[in-house]
Amino acid sequence: MLKSDGSDPVVVTGMGAVSPLGVGADINWERLLAGKSGIVPNDRFDVSAYGSQIAGLVPPKSRDENGFDPTDFIDPKDIKKMDLFIQYGLGAAHEALEQAGWTPQSDKDRAATATIIASGVGGSPIMAQTAQTIAEKGPRRLSPFTVPAFLANLAAGWISIRYGFTGPIGTPVTACAASAQAIGDGLRLILTGEADVAVVGGAEGSVDPISIGGFAAARALCTSFNDKPKSASRPFDAARAGFVLSEGAAVLVIEKLSHARARGATPLAIVSGYGTSADAYHLTAGHPEGLGAQVAMRNALRMADISPEEVDYINAHSTSTEVGDAAEIAAISGVFGARGKSLAISSTKSSTGHLLGAAGAIEAAFSVMALRDQITPATLNLENPDPDADRFDLVPKTPKKKALRHVLSNSFGFGGVNASLVFSRV
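Encoded structure:
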């Protein structure tokens, strides 16, 4: 197993975020700690025939001064060439690279920069629009940019082209574990010497008829809080009734500490561990005892060279589904069961909704900021905790100050994909 050199670990030097809470990593964090929710009525299309009529929508700048305007990051003539997930990815990358101060000018530095940007779904809105165009007007009316607009790897492609990064490039498409795996892949590339810097994360923009309809057909979405959208995402709560589909992007810049110091960059946290595994159990449900998730968590701890007793906080994958939340708690209990209330666990999806392939990346950013500020974000809407989960400190409703050395972030996806990351204080 690859392990970081304790004297020269891989660190985070930049972060960017676009989510239903707004644009900017610090804006997201500020609103998260304030108990804000980005879940609203879905006005993207006519949802009257859909059971789930709410979503976590990135606010436009016209409604929120900290909202999203693609022209802040993208040449207007290029916007029509890309679906939303690419736009969000470019916005998050812009912020992350600016904070990191990474603008390589030499061919050597460009070739040493990896671009690993995940997406769980890719451009499904463009796919839905394309199907409608073909049905109504025929295939000759399609844009030549149709395919590049929806391919999942084009967020990574656009970022690489925009900044001239010629190193390794990739796009995990592993559902809701995708961007956690992107961070893990970037970590491995640096540890093996294939890259000096990795731009890692995920982007998703799939609040569209295909995704809403498909996830609803799988009975995964919340349909019982359409009149109270901010109450809909309620991880670990006995009244949880499915996840809330959301959108956005988060990008991190990672590099070895020696590389960061040599160029005057500020390390924000250490990326100390990564583990991944497969359940080999079911297409859409995790193993009820969380066996695969336990393997991922144990491997992440092993790579970080820490024990379960040294983890102070877990940013849970918990999406607010009955089966998924129960499986994750079973997995956490299998690894950390003896910890009880000394272990803080919360799900920030109670505030953001579920960003699918971008969830792991934004939750990684939240984990880094939790370490920075020594505070655990809350689980909103936790009125009646599930008894199995309540053995731990679920940080109900209000953030808590807490001494944090090591934080674990979980991400699990359809197909039985499990990914866990450990972040440590510098």
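Residue numbers (the working numbering): 183 to 608. We treat Cβ as the ideally placed atom computed from N, Cα and C, and that holds for glycine.
Residue from H464, E565 and G339 whose Cα sits closest to the Cα of N350: Note that residue 350 is Pro in the sequence shown, not Asn. Nearest of H464, E565 and G339 to P350, Cα basis: G339.
Just to confirm before moving on: does the CB-CB distance between L537 and V389 stay below 8 Å? no
Terminal residues of the continuous beta strand (DSSP E) containing I496? Y495 to N497
Rounded to the nearest angstrom, what separates R480 and P470 at their Cα positions? 18 Å
F227 to H441 span [Cα, whole Å]: 47 Å
Can the beta-carbon of K531 be found closer than 8 Å to that of S415? yes
Just to confirm, are A546 and L483 a CB contact at a threshold of 8 Å? no
Check A231 in the structure and name its three-state DSSP category. coil
How far does the alpha helix (DSSP H) with L215 in it reach, from first residue to last? A207 to L215
Indicate whether the contact test is met: 3 or more Cβ pairs, each with one atom in the stretch 351-367 and one in the stretch 270-285, closer than 8 Å. no
With distances taken from CA atoms, which of G384, P286 and A377 is nearest V303? G384
Using only the alpha-carbon positions, how far apart do V382 and G516 sit? 30 Å
Check whether the stretch 501-512 touches the stretch 547-559, counting contact only when three or more Cβ pairs, one atom from each stretch, lie closer than 8 Å. no
D190 to L373, Cα distance in whole Å? 10 Å
Close beta carbons around K251, own chain, < 6 Å, minus the five adjacent residues each side: It should be pointed out that residue 251 corresponds to Asp in this sequence rather than to Lys. Answer for D251: K243, listed in chain order.
If distances are taken between C-alpha atoms only, which option among N497, L473 and D461 comes closest to G595? D461
Taking Cβ to Cβ, would you say A305 is nearer than 8 Å to V200? Before going on, a small fix: residue 305 reads as Gly here, not Ala. No, they are not a contact pair.
Given a cut-off of 8 Å on the beta-carbon distance, is the pair A498 and I527 in contact? yes
Whole-angstrom distance between M183 and T297, CA atom to CA atom: 23 Å
May I have the straight-line CA-CA distance separating A420 from N566, to the nearest angstrom? 6 Å
Whole angstroms is fine: what's the gap from D378's alpha carbon to G206's? 25 Å
In whole angstroms, give me the CA-to-CA distance for D254 and A541. 23 Å
Comparing alpha-carbon positions, which option in A331, L266 and L203 lies nearest R245? L203
Start-to-end residues for the alpha helix (DSSP H) that takes in E277: L266 to A282
When the Cα of L434 is compared with those of L562, V493, D289 and F548, which residue comes out closest? F548
Going by Cα to Cα distance, which pick from G474, V229 and T195 is closest to G446? T195
Provide the residue(s) that pair with V505 in DSSP beta bridges, ordered along the chain. DSSP, once it has assigned bridges, lists no residue as partnering V505.
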